[in-house]
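Protein chains: 2
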Amino acid sequence: MSSAEAAYAALREGIVSGQHAGGARLEEETLAAALGVSRTPVREALRRLHAEGLVQVEPRRGARVSTWGAEELDEIFELRALVEGYGAARAATRVTEAQLAQLEDLCEAMEEAACAPGGADHALIGRLNNELHAAVHRAASSRYVAGLLTSLVQIPLVVRTFQRYQPEELARSMGHHRELVAALRAGRPEWAEAVMHAHVEAARATLRRDLGAEPAGEPAAMER
Amino acid sequence: MSSAEAAYAALREGIVSGQHAGGARLEEETLAAALGVSRTPVREALRRLHAEGLVQVEPRRGARVSTWGAEELDEIFELRALVEGYGAARAATRVTEAQLAQLEDLCEAMEEAACAPGGADHALIGRLNNELHAAVHRAASSRYVAGLLTSLVQIPLVVRTFQRYQPEELARSMGHHRELVAALRAGRPEWAEAVMHAHVEAARATLRRDLGAEPAGEPAAMER
DNA sequence: CGGGCGAACCTTGTATACGTGGTGGGGAAG
DNA sequence: CTTCCCCACCACGTATACAAGGTTCGCCCG
């Protein structure tokens, strides 16, 4: 892996994990020293993250981690519903048997992680969920769907949505995944799209509830 | 304007205008010499264009101008219809009087350019059209709509759609713009969304007709 | 004592130099 | 004559050096 790609991966992970809080300054020299590379690949990573919306860059004034307000999260979920729904509909007529099998494996793994002894493993579930959605995007065999969505899903608050799910919501999410696979297997675009819509809307509802209840509990967002 | 931004603007213009044909190699050193800057800002411009989908980059193997097949253009127009429709719906409840006035001015200017003596000025119309759509995106006051669409509209074939319009199609397009402004002024999201859908679908139909009729007449696209 | 101005420092933007992987051409062997 | 391998060249990736704009702290003036 190139230095630039490594820097990109490290920075993105640092941002979505909350290590770099929203609004935090990202100094090129500092990051370069921390990553053991020069400023050049760090700059490239920062510009890439800027293109994806994770950082904001002002000329001659450096880069900061982006922040998101409640209204912007609303926009994000509406656009996600549109684009992910489109992707799911496309996938319904293009998915292969091998991909369906993989999706079912992922469902299995997620349900296992959800029923783990001593509470659900939210980190693992989140990773598997990302993988499942990525698999649907691949099945859509579209050059654009996945790219458009990176700006919409790689957001700290969104990535950690699963940590907010209550048991009932978690079960509902698993149900959505299973139903989505069923719709894809049946080759029914409208069904797949509707399920994906519901899936995204459910996630949105959870986030809205949490943000409304404890607006001060999420220091990584809300403030600009 | 910084060198990097200048390089980006020049390269993008060169690509969408067809000066850099689809599939053409983009050598950093050559471009740097042509633009009178060093490789550093050229690299930054290339990566940015890559993020927007206009160029494809393979590690250690350089950058090439992207190409688009008929199926990919179909995807693009479907996604454009979704996202631009969403933007129009948002704009309907957020547009200001000043913005409405500006939109009407743009309509006026476009109709003037379309009725110019000695045939319509397609280049001017195209520019005004871009400006009008950008104005709608601004009116939507969304952080994401405009960004998502750059990957979908800044494409050589799409930008030059107006050159393909026949008089009747041109008139229809003007009508769409007027109706869109009317829907925005009425504050009716569904109406605005529907008009924008029709608008994008009409453009798609024109492109499909032309590509189907003379697939060899557009050397900038189709082949990979 | 407070506000505005200036200079030093710090960070970003750009240029240039160096290392490395990929590509193509030429030579030798079959 | 053809094919395969090796070497040289060339472009990309990264590091480093230099230039220029921004920020901040301190000083001077009101």
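As they're listed, the protein sequences go chains R and S. 1394 is the number of the first residue of the first sequence in this note's numbering; add one for each residue after it. 1394 is the number of the first residue of the second sequence in this note's numbering; add one for each residue after it. Idealized CB from N, CA, C, for every residue including glycine.
With which residues is residue 1419 of chain S paired in a DSSP beta bridge?
DSSP lists S:1456 as partners of residue 1419 of chain S.
Sorted by chain position, which residues of the same chain lie with C-beta nearer than 7 Å to residue 1535 of chain S's C-beta, five sequence neighbours on each side aside?
1480 and 1483
Cβ neighbour criterion (16 or more within 10 Å) applied to residue 1586 of chain S
buried
Under 8 Å between beta-carbons, which chain R residues line up against residue 1408 of chain S? List them in chain order, please.
Simply none; closest approach about 17 Å.
Whose C-alpha, out of S:1406, S:1559, S:1471 and S:1525, is nearest the C-alpha of residue 1548 of chain S?
Checking every option, the nearest Cα to that of residue 1548 of chain S belongs to S:1406.
For residue 1522 of chain S and residue 1495 of chain S, I'd like the C-alpha separation in whole angstroms.
Here the C-alpha atom of residue 1522 of chain S lies approximately 13 Å from the C-alpha atom of residue 1495 of chain S.
If you measure between the beta carbons of residue 1476 of chain S and residue 1419 of chain S, is that distance less than 8 Å?
no
Would you kindly check if the distance between the Cβ of residue 1435 of chain R and the Cβ of residue 1442 of chain R is under 8 Å?
Contact flag unset, no.
DSSP three-state label for residue 1497 of chain R, please.
Note: residue 1497 of chain R maps to helix in three-state DSSP.
Coarse secondary structure for residue 1559 of chain R, derived from DSSP in three states:
Secondary structure of residue 1559 of chain R (DSSP, three-state): coil.
Residue nearest to residue 1462 of chain S in terms of C-alpha spacing, selected from S:1540, S:1470 and S:1526:
S:1470
Would you mind sorting residue 1589 of chain R into buried or exposed? The rule is 16 or more other CB atoms within 10 Å of its CB.
buried
Got a sec: is the Cβ-Cβ distance from residue 1476 of chain R to anything in chain S below 8 Å?
True, the Cβ-Cβ gap to chain S drops below 8 Å.
Alpha-carbon spacing of residue 1566 of chain S relative to residue 1595 of chain S, whole angstroms:
8 Å
So for residue 1572 of chain S, helix, strand or coil by DSSP?
helix
What residues from chain R crowd round residue 1479 of chain S, counting only those whose CB sits closer than 8 Å?
At a beta-carbon threshold of 8 Å, the residues of chain R lying near residue 1479 of chain S are 1471, 1472 and 1475, ordered along the chain.
Have a look at the DSSP bridge pairing and note the partners of residue 1449 of chain R.
R:1457
Quick check: residue 1446 of chain R and residue 1544 of chain R, are their CB atoms within less than 8 Å of each other?
yes
Taking the straight line between their C-alpha atoms, what separation do you get for residue 1473 of chain R and residue 1508 of chain S?
41 Å
Using beta-carbon positions only, say whether residue 1569 of chain S and residue 1591 of chain S come within less than 8 Å of one another.
yes
What residues in the stretch 1437 to 1453 of chain R bring their beta carbon closer than 8 Å to a beta carbon of chain S?
1437, 1440, 1441, 1444, 1445, 1446 and 1452
Out of curiosity, what's the CA-to-CA distance linking residue 1617 of chain R and residue 1417 of chain R?
Because residue 1617 of chain R carries a pLDDT of 37, less than 50, the predicted location of this residue cannot be relied on, and the following value inherits that uncertainty. Between residue 1617 of chain R and residue 1417 of chain R, the C-alpha separation is close to 10 Å.
I need the straight-line Cα distance from residue 1465 of chain R to residue 1411 of chain R, nearest angstrom please.
18 Å
According to DSSP, simplified to helix, strand and coil, what is residue 1487 of chain R?
Here residue 1487 of chain R carries a coil assignment [DSSP, helix/strand/coil].
Tell me which residues share the same chain as residue 1493 of chain R and place their Cβ nearer than 6 Å to its Cβ, disregarding the 5 neighbours each side in the sequence.
1578
If I measure Cβ to Cβ from residue 1438 of chain S and keep anything under 7 Å in the same chain, skipping five residues before and after, which residues do I get?
Within the same chain, and ignoring the five residues on either side of residue 1438 of chain S in sequence, the residues whose Cβ sits closer than 7 Å to its Cβ are 1397, 1400, 1401 and 1404.
Is residue 1576 of chain R buried or exposed, if buried means 16 or more other CB atoms sit within 10 Å of its CB?
buried
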